[in-house]
Amino acid sequence: MYSTDSPAPGQEPALPARTAWYVVVGSWLWALLPIYLFGLLSWVPVLHAWTNLRRKALLYWTLATGAATTLAFLLIMLAPAGPDSDSTDSYFYGPAFTLLLAAMIAGSIQSFRLRREVFGDTGRRGQVGASDWHSMAAVAQVEHARARRAEARTLVEKDPGMARELRIGRPDLPNRAYDDGGLVDVNHASAQAMVDMLELLPEYAEEIVRAREAAGGFGGVAELGAYTSLPAPIVDGLRERAVFLRY
1 MYSTDSPAPG
11 QEPALPARTA
21 WYVVVGSWLW
31 ALLPIYLFGL
41 LSWVPVLHAW
51 TNLRRKALLY
61 WTLATGAATT
71 LAFLLIMLAP
81 AGPDSDSTDS
91 YFYGPAFTLL
101 LAAMIAGSIQ
111 SFRLRREVFG
121 DTGRRGQVGA
131 SDWHSMAAVA
141 QVEHARARRA
151 EARTLVEKDP
161 GMARELRIGR
171 PDLPNRAYDD
181 GGLVDVNHAS
191 AQAMVDMLEL
201 LPEYAEEIVR
211 AREAAGGFGG
221 VAELGAYTSL
231 PAPIVDGLRE
241 RAVFLRY
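For the sequence shown, the numbering used here begins at 1 and goes up steadily by one.
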């Protein structure tokens with residue numbers, strides 16, 4: 001059962017707290033970083049955004065701007081010094097200046113575009129606060145769990161022996177060091193684990209245990225549905241978290 005928080009009758013719902021001033025100032029300093037350092041650290045805001053949003057495109061942007069600034073720095077370091085360097089330094093400083101300018105422009109565009117996503121909509125007074133951060137954290141947590149489940153499923157398919165040793169899908173066993181994102185091995189997990197992790201009714205979980213013992217385990221969700229009387233929507237809902245190890 002899921003609970004929802006609602007205000008008492010006649011009570012106005014509380015508005016989220018206003019964003020603190022230092023968060024607003026910090027978000028703008030963050031966005032302006034590529035400009036006031038002339039591109040030298042243009043990759044920093046994008047890298048920070050990637051650590052929060054986990055978008056592959058942001059990682060590519062980080063690598064591209066980081067490579068540009070690194071190459072520019074190397075060109076500046078390799079520029080000859082001395083009275084006879086006037087005729088050759090343009091071959092070094094010119095490309096370095098161009099790379100830094102490109103990194104500054106690209107980094108600025110990205111940082112200004114991503115500022116609200118990373119820090120929340122700091123321009124909305126009285127409408128942005130802790131609830132926004134909690135929502136972003138909740139979404140990030142779900143995305144992280146999905147990524148962990150995808151990785152664990154790949155391991156189950158490619159190396160079932162290792163998956164068994166790592167106790168993938170066995171939340172009912174102690175001393176599990178591997179994070180599988182909340183998978184449940186329907187062929188071996190206890191009925192209580194299926195109740196807790198898959199949110200099944202106890203009678204459904206017990207029926208699954210009886211059916212798997214009679215059938216010698218299931219090959220997948222389709223077999224589970226064929227050998228049990230669980231409603232089809234409930235069976236389909238198990239696809240996100242169920243795995244079926246054979247051993």
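Every residue gets a Cβ at the ideal spot worked out from N, C-alpha and C, and that includes glycine.
The structure displayed is predicted, hence computed values, not measured ones.
Query	Result
Quick one, are the C-beta atoms of L173 and L238 less than 9 Å apart?	no
What distance in whole Å lies between the Cβ atoms of A68 and L37, which are believed to be in contact at a cut-off of 8 Å?	In fact, because the Cβ distance is near 14 Å, the residues do not count as touching under 8 Å.
From L41 to L155, what does the alpha carbon distance come to, in whole angstroms?	38 Å
In whole angstroms, what is the alpha-carbon distance linking Y115 and G26?	It is worth fixing the name first, because residue 115 is Arg in this sequence and not Tyr. Looking at the two C-alpha atoms, the distance is approximately 10 Å.
Whole-angstrom Cβ separation of S111 and V24, contact assumed at under 8 Å?	Going by Cβ atoms, the distance from S111 to V24 rounds to 15 Å, so no, they are not a contact pair.
Out of curiosity, what's the CA-to-CA distance linking N187 and L74?	58 Å
State buried or exposed for I168, treating a residue as buried only when at least 16 other CB atoms are found within 10 Å of its CB.	buried
Sort out for me which residues DSSP pairs A242 with in a bridge.	V184
Who are the near neighbours of L200 in its chain, counting only those whose CB is closer than 6 Å to its CB and skipping five residues on each side?	M194
Between which two residues does the alpha helix (DSSP H) holding T69 run?	56-78
Please report the Cβ distance between P171 and A189, rounded to the nearest whole angstrom; I am assuming they are in contact, meaning their Cβ atoms lie under 8 Å.	7 Å
R55 and P160 - do their beta-carbons sit closer together than 9 Å?	no
For the candidate residues Y227, A214, E143, G225, whose alpha-carbon lies nearest to that of T51?	E143
Using the C-alpha atoms, what's the distance from A31 back to H48?	11 Å
Mind checking if E206 is an interface residue toward chain B, Cβ cutoff 9 Å exclusive?	The structure shown contains no chain B; it is built from a single protein chain.
Only counting the same chain, and skipping five residues up and downstream in sequence, which positions put a Cβ closer than 6 Å to that of W43?	T62, T65, G66
What would DSSP say about D179, mapped onto helix, strand or coil?	coil
What three-state label does DSSP hand R212 in the structure shown?	helix
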